[in-house]
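Participant: As you go down the protein sequences, you meet chains A and B in turn.
Start counting the first sequence at 0; every next residue gets the next number (numbering that gives the first Met the number 0).
Start counting the second sequence at 0; every next residue gets the next number (numbering that gives the first Met the number 0).
For every residue, glycine included, the Cβ atom is placed at its ideal position computed from N, Cα and C.
Every value quoted in this text rests on a predicted model; they were computed, and no experiment measured them.
2 protein chains.
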Amino acid sequence: MDGKVRGLAILGSTGSIGGQTLEVVRSFPGKLSVVGLAAGHNHELLARQAQEFKARVVSCHSPGEMGASWLPPGCHVTTPEEVACHPDVNLVMAASVGSAGLGPIMAALGHGKTVALANKEPLVMAGELIMAEARRWGVDILPVDSEPSAIWQCLRGEERDVSRVVITASGGPFRQRPRGELASVTPEEALRHPTWRMGKKITVDSATLMNKGFEVIEAHWLFDLPWEKIEVVIHPQSVIHAMVEFADGSVKAQMSPPDMRLPIQYALFYPQRPRNGALPRLDPVEIGALTFEALEVDRYPCFGLALEAGKKGMTYPAVLSAADEVAVELFLAGAIGFTEIPDLVGDVLSEHHSVSTPSLEDILEADAWARRMAYAWAR
Amino acid sequence: MDGKVRGLAILGSTGSIGGQTLEVVRSFPGKLSVVGLAAGHNHELLARQAQEFKARVVSCHSPGEMGASWLPPGCHVTTPEEVACHPDVNLVMAASVGSAGLGPIMAALGHGKTVALANKEPLVMAGELIMAEARRWGVDILPVDSEPSAIWQCLRGEERDVSRVVITASGGPFRQRPRGELASVTPEEALRHPTWRMGKKITVDSATLMNKGFEVIEAHWLFDLPWEKIEVVIHPQSVIHAMVEFADGSVKAQMSPPDMRLPIQYALFYPQRPRNGALPRLDPVEIGALTFEALEVDRYPCFGLALEAGKKGMTYPAVLSAADEVAVELFLAGAIGFTEIPDLVGDVLSEHHSVSTPSLEDILEADAWARRMAYAWAR
């Protein structure tokens with residue numbers, strides 16, 4: 000590793016990816032400096048993190064409720080945008096939930112900060128604008144999600160003559176559940192992911208495969224891949240995260256035990272791969288078999304909705320993402336059933352009329368409209 | 000692809016890899032020029048190849064028997080060394096059987112020709128000398144064997160912080176055969192490889208796993224890997240050819256349907272990956288499952304003999320390779336049984352006394368000694 004200490008801002012520091020990012024920071028004392036932390040309502044944890052890592056700026060949803068006495072000396076409370084754009088920050092870990100990350104990500108890119116992107120909704124909502132902003136300022140966007148990170152690792156050193164990318168999906172907890180029973184599955188069952196430990200929103204999105212649709216959209220934007228070159232295959236073990244087939248037919252796969260700290264660390268230290276004794280190692284013999292099945296598209300209507308919205312573009316992906324965010328919230332609150340998630344999202348999408356070549360304002364407006372429609376749908 | 004036509008010399012052109020190299024040349028008209036061809040006793044096929052590809056030099060074991068009228072105008076018969084070192088040759092495909100390739104390979108390196116290495120015995124015999132010669136003249140040695148090619152592809156673009164390399168082995172045709180029956184298996188059964196179409200010598204070496212031991216030695220030399228970082232795992236489907244684990248725990252695997260034309264083409268066109276419609280494509284869903292099992296070392300005593308000789312170094316690997324070449328020949332002729340292959344090789348090795356830091360002459364002497372001992376063993 001080179002000697003430079005990388006200055007980090009972590010958006011969503013109290014969430015699952017935020018916490019695992021801090022675990023990685025702890026594993027490499029003196030290599031990474033946590034400059035700023037942004038969270039939502041979990042003030043207590045945010046304050047403890049700020050203390051431990053001597054953060055200089057923090058932000059949260061209700062700064063008034065946050066006792067300033069909890070913060071380390073010199074640390075002040077500000078907006079997520081200012082956390083991301085602090086002069087000592089080199090890299091922003093964007094790990095907020097849902098659409099909240101969009102503003103700070105755009106601000107970070109405008110300030111020339113490298114963005115490590117764990118929060119996929121902003122890219123789903125506004126992929127074209129985000130990528131244009133990154134190109135405009137010559138800034139790198141580094142994938143953190145395990146599947147795009149796998150694609151990125153497979154492309155390393157290659158001349159980009161890609162003929163196909165295969166993203167794997169565990170299939171979630173209901174892969175083998177009789178379809179007739181899906182309507183009555185509970186939030187507790189949906190939150191029991193077979194292979195990954197993750198936040199609630201993404202765990203439900205993994206059960207519906209909406210998350211996999213988002214990843215296809217993410218791969219489309221991050222790697223400038225045409226839709227027809229992106230495939231999804233069910234791979235229940237979540238060991239191979241993605242495969243890239245090159246023009247000559249050779250396929251590279253990236254594999255690792257399902258643990259988000261690896262893709263987090265890869266983005267934080269790229270192009271270096273420092274040793275981390277805390278990470279599990281892959282043992283092919285212990286795994287025994289890696290299996291692959293075709294994706295049953297009828298079982299996962301959210302996946303089809305995501306692809307359709309992604310391909311249509313304009314403000315449809317923003318509506319998809321917003322309607323899904325509300326639908327998952329309502330499902331977790333017991334207000335709608337599991338199979339009503341795609342019903343709600345599909346109905347909101349079919350009501351929507353997009354403007355062509357939308358601005359960021361148009362996208363945020365479509366997002367707000369979709370949220371109103373989604374709540375109204377469930378009433 | 001760049002516009003340059005690469006000039007090839009093919010050593011072992013009438014063998015399996017030689018023929019498949021010519022298939023690749025046919026797939027890319029105007030991109031590769033066959034300057035020279037070297038073969039053994041198959042004069043007829045050699046002459047047909049020389050005609051088709053307008054070779055300028057050829058060599059064979061008994062030039063006197065080769066009617067000059069069969070050769071294309073201007074083509075002359077010479078030695079394998081001169082075929083390899085012809086001024087118009089940029090790349091030598093070394094695909095002879097057994098130890099025969101050693102001389103021409105050393106000659107090619109000394110003349111600054113890139114060597115694509117399909118013929119692993121020379122590297123087993125004289126790995127240290129070959130690698131030193133390549134470094135001395137600043138020449139690249141490119142792997143063609145599917146497993147080393149996979150390692151090479153996985154290392155592409157990486158900073159070489161490798162923590163482990165896993166080479167896969169199909170396990171050969173006798174993986175599930177009761178051990179008591181191994182003594183009586185026939186040459187015909189040993190030649191029925193479950194996944195690869197290859198020459199006879201390497202197919203028998205695959206049944207004994209001597210070939211896998213050779214590949215460990217090959218990987219040790221080609222990639223400068225310490226022995227303890229090289230593992231072998233049984234993977235009956237032969238789809239993943241090798242995996243590389245980096246220091247951070249991330250694993251890359253290279254996959255493709257078992258077809259030698261892919262690694263051949265990769266070496267011929269590196270760093271480009273031109274499209275070749277003739278090559279099969281991988282379909283993970285059609286494959287269904289990739290499985291892994293620990294290597295039963297007791298079932299494959301040749302593997303242990305190879306590793307031991309490789310680690311001892313000096314002239315032991317040359318003795319290993321020569322004794323095995325004779326043992327396989329005797330087995331195919333019905334003169335010894337299948338389980339006598341390791342008995343013969345083990346006995347010859349245990350009789351051997353090496354000089355330290357052997358010269359090429361010492362190695363060739365050890366090779367000749369081992370052949371005499373091996374024939375005597377079977378008498």
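1) Taking a Cβ distance cut-off of 9 Å, strictly less, list which residues of the stretch 165 to 185 of chain A are near chain B, in chain order.
2) Which residue marks the beginning of the beta strand (DSSP E) containing residue 142 of chain B, and which one marks its end?
3) So the alpha helix (DSSP H) residue 50 of chain A belongs to, where does it begin and stop?
4) Which class does residue 214 of chain A belong to by DSSP, given the choice of helix, strand or coil?
5) Does residue 291 of chain B get closer than 8 Å to chain A when you measure Cβ to Cβ?
6) By DSSP, does residue 277 of chain A sit in helix, in strand, or in coil?
7) Is the Cβ of residue 222 of chain B closer than 8 Å to any Cβ of chain A?
8) Going by alpha carbons, who is nearest to residue 87 of chain A out of A/291, A/323, A/54 and A/315?
9) Work out the CA separation of residue 107 of chain A and residue 57 of chain A for me, nearest whole Å.
10) Go through the stretch 238 to 304 of chain A residue by residue and report every complete run of the alpha helix (DSSP H) that reaches 4 residues or more, in order.
11) Since residue 434 of chain B meets chain A, which of its residues come closer than 8 Å, beta carbon to beta carbon?
12) Let me know if residue 251 of chain B comes out buried or exposed under the rule of 16 or more other beta-carbons within 10 Å of its beta-carbon.
13) Which term fits residue 161 of chain B, buried or exposed, when burial requires 16 or more other beta carbons within 10 angstroms of its beta carbon?
14) Say whether chain B places a C-beta atom closer than 8 Å to the C-beta of residue 232 of chain A.
15) Reducing DSSP to helix, strand and coil, say where residue 169 of chain B ends up.
16) CB residue 166 of chain A to CB residue 229 of chain A, shorter than 8 Å?
17) Give the interface partners of residue 286 of chain B over in chain A, defined as CB-CB distance under 8 Å, in chain order.
18) Any beta-carbon of chain B closer than 8 Å to the one on residue 152 of chain A?
19) Answer with buried or exposed for residue 277 of chain A, where buried requires no fewer than 16 other C-beta atoms within 10 angstroms of its C-beta.
20) Roughly how far, in whole angstroms, is the beta-carbon of residue 246 of chain B from the beta-carbon of residue 274 of chain A, given that I think they are within contact range, below 8 Å?
21) Measuring only the C-alpha atoms, how far is residue 126 of chain A from residue 209 of chain B?
22) If I measure Cβ to Cβ from residue 237 of chain B and keep anything under 6 Å in the same chain, skipping five residues before and after, which residues do I get?
23) Roughly how far, in whole angstroms, is the beta-carbon of residue 9 of chain A from the beta-carbon of residue 36 of chain A, given that I think they are within contact range, below 8 Å?
24) What would DSSP say about residue 31 of chain B, mapped onto helix, strand or coil?
25) Classify residue 351 of chain B: buried if its beta carbon has 16 or more other beta carbons within 10 angstroms, exposed otherwise.
26) For the stretch 235 to 248 of chain B, which residues have a beta carbon sitting closer than 8 Å to at least one beta carbon of chain C?
27) Decide if the stretch 41 to 52 of chain B is in contact with the stretch 280 to 299 of chain B; the criterion is three or more beta carbon pairs, one per stretch, under 8 Å apart.
28) Quick check: residue 174 of chain B and residue 235 of chain B, are their CB atoms within less than 8 Å of each other?
29) Can you grab the Cα-Cα spacing for the pair residue 11 of chain B / residue 128 of chain A, in whole Å?
30) Are the stretch 320 to 336 of chain B and the stretch 366 to 378 of chain B touching by the rule of at least three beta carbon pairs closer than 8 Å?
31) Quick check on the DSSP output: the alpha helix (DSSP H) that includes residue 230 of chain B runs from which residue to which?
32) Using a Cβ-Cβ cut-off of 7 Å (strictly less than) and excluding sequence neighbours within five positions of residue 374 of chain B, which residues of its own chain qualify?
33) For residue 75 of chain B, collect the residues of the same chain with a Cβ closer than 7 Å to its Cβ; drop the 5 residues on either side in sequence, then sort them by chain order.
34) Report all residues from its chain with a CB closer than 6 Å to the CB of residue 120 of chain B; omit the five preceding and five following residues, and keep chain order.
35) Please classify residue 204 of chain B as buried or exposed, where buried requires at least 16 other C-beta atoms within 10 Å of its C-beta.
36) Of all the beta strand (DSSP E) runs that stay within the bounds of the stretch 337 to 369 of chain B, which reach a length of 3 or more residues?
Facilitator: This is what the structure holds:
1) Legend: CB atoms of the stretch 165 to 185 of chain A lying less than 9 Å from CB atoms of chain B belong to residues 165 and 167.
2) Position 143 of the second sequence, counting from 1, holds the residue named residue 142 of chain B. Its beta strand (DSSP E) spans residues 140 to 142.
3) For the purposes of this step, residue 50 of chain A is taken as residue 51 along the first sequence, with counting starting at 1. Boundaries of the alpha helix (DSSP H) around residue 50 of chain A: 42 to 52.
4) The sequence position of residue 214 of chain A within the first sequence is 215, counting from 1. Of the three classes helix, strand and coil, the one that applies to residue 214 of chain A here is helix, per DSSP.
5) Looking up residue 291 of chain B in the second sequence gives position 292. It does: the Cβ of residue 291 of chain B has a partner Cβ on chain A nearer than 8 Å.
6) Position 278 of the first sequence holds residue 277 of chain A. Residue 277 of chain A sits in coil when the DSSP states are folded into three classes, being neither helix nor strand.
7) Counting from one through the second sequence, the residue named residue 222 of chain B turns up at place 223. No - not a single Cβ of chain A is within 8 Å of the one on residue 222 of chain B.
8) What you label residue 87 of chain A is simply residue 88 of the first sequence in a count that begins at 1. The residue with the shortest Cα to Cα distance from residue 87 of chain A is A/54.
9) Here residue 57 of chain A is taken as the residue at index 58 of the first sequence, counted from 1. Here residue 107 of chain A is taken as the residue at index 108 of the first sequence, counted from 1. So the alpha carbons of these two residues sit roughly 15 Å apart.
10) If we require 4 residues or more, the alpha helix (DSSP H) runs fully inside the stretch 238 to 304 of chain A come out as 260 to 268 and 283 to 286.
11) Not covered by the structure: residue 434 of chain B. The range shown for chain B is 0 to 378.
12) The residue given as residue 251 of chain B occupies position 252 in the second sequence. The Cβ neighbour count for residue 251 of chain B, taken over all protein chains shown within 10 Å, is at least 16; the residue is labelled buried.
13) Reading the second sequence from its first residue, position 162 is the one you call residue 161 of chain B. Under this definition residue 161 of chain B is a buried residue.
14) Locating residue 232 of chain A in the first sequence gives position 233, where the first residue counts as 1. Answer yes: the Cβ-Cβ gap between residue 232 of chain A and chain B drops below 8 Å somewhere.
15) Against the second sequence, residue 169 of chain B aligns to sequence position 170. Judged by DSSP in its simplified three-state form, residue 169 of chain B adopts coil rather than helix or strand.
16) The residue you call residue 166 of chain A lines up with position 167 of the first sequence. The residue you call residue 229 of chain A lines up with position 230 of the first sequence. Yes; because the gap between Cβ atoms is below 8 Å, this pair is in contact.
17) Residue mapping note: residue 286 of chain B aligns to position 287 of the second sequence, counting from 1. Neighbours of residue 286 of chain B on chain A, chain order: 291.
18) For the purposes of this step, residue 152 of chain A is identified with residue 153 of the first sequence, where counting begins at 1. So, interface residue.
19) The residue given as residue 277 of chain A occupies position 278 in the first sequence. Residue 277 of chain A is classed as exposed because its beta carbon has fewer than 16 other beta carbons within 10 Å across all chains shown.
20) For the purposes of this step, residue 246 of chain B is identified with residue 247 of the second sequence, where counting begins at 1. For the purposes of this step, residue 274 of chain A is identified with residue 275 of the first sequence, where counting begins at 1. The distance from the Cβ of residue 246 of chain B to that of residue 274 of chain A is about 4 Å, consistent with a contact at the 8 Å cut-off.
21) Along the first sequence, one-based indexing puts residue 126 of chain A at 127. Along the second sequence, one-based indexing puts residue 209 of chain B at 210. Rounded to whole angstroms, the separation of the alpha carbons of residue 209 of chain B and residue 126 of chain A is 53 Å.
22) On the second sequence, residue 237 of chain B is found 238 positions in, with the first residue counted as 1. Cβ within range, chain order: 169, 194 and 257.
23) Translated into the one-based positions of the first sequence, residue 9 of chain A becomes position 10. Translated into the one-based positions of the first sequence, residue 36 of chain A becomes position 37. Indeed they touch by this definition, with Cβ atoms about 5 Å apart.
24) Mapped onto the second sequence, residue 31 of chain B falls at position 32. Residue state for residue 31 of chain B is assigned as strand, using DSSP reduced to three classes.
25) The count along the second sequence starts at 1 and reaches residue 351 of chain B at position 352. Here residue 351 of chain B is buried, its C-beta having at least 16 other C-beta atoms within 10 Å.
26) Chain labels in this structure do not include chain C; the protein chains are A and B.
27) The stretch 41 to 52 of chain B vs the stretch 280 to 299 of chain B: no contact.
28) The residue given as residue 174 of chain B occupies position 175 in the second sequence. The residue given as residue 235 of chain B occupies position 236 in the second sequence. In this structure, residue 174 of chain B places its C-beta atom within 8 Å of the C-beta atom of residue 235 of chain B.
29) The count along the second sequence starts at 1 and reaches residue 11 of chain B at position 12. The count along the first sequence starts at 1 and reaches residue 128 of chain A at position 129. Near 56 Å, if we compare the C-alpha coordinates of residue 128 of chain A and residue 11 of chain B.
30) Remark: three or more beta-carbon pairs, one from each stretch, lie closer than 8 Å, so the stretch 320 to 336 of chain B and the stretch 366 to 378 of chain B are flagged as touching.
31) Position 231 of the second sequence holds residue 230 of chain B. Under the DSSP assignment, residue 230 of chain B falls outside any alpha helix (DSSP H), being part of the beta strand (DSSP E) whose first and last residues are 229 to 233.
32) The count along the second sequence starts at 1 and reaches residue 374 of chain B at position 375. If we look at residue 374 of chain B and ignore the five residues flanking it on each side, its Cβ neighbours are 325.
33) Locating residue 75 of chain B in the second sequence gives position 76, where the first residue counts as 1. Result list for residue 75 of chain B: 56, in chain order.
34) Taking the second sequence and counting its residues from 1, the one referred to as residue 120 of chain B is at position 121. Once the five neighbours on either side are set aside, the close Cβ partners of residue 120 of chain B are 97, 98 and 320.
35) In the second sequence, counting from the first residue as 1, residue 204 of chain B sits at position 205. With 16 or more Cβ atoms within 10 Å of its Cβ, residue 204 of chain B is classed as buried.
36) Taking only runs of at least 3 residues, no beta strand (DSSP E) segment lies wholly in the stretch 337 to 369 of chain B.
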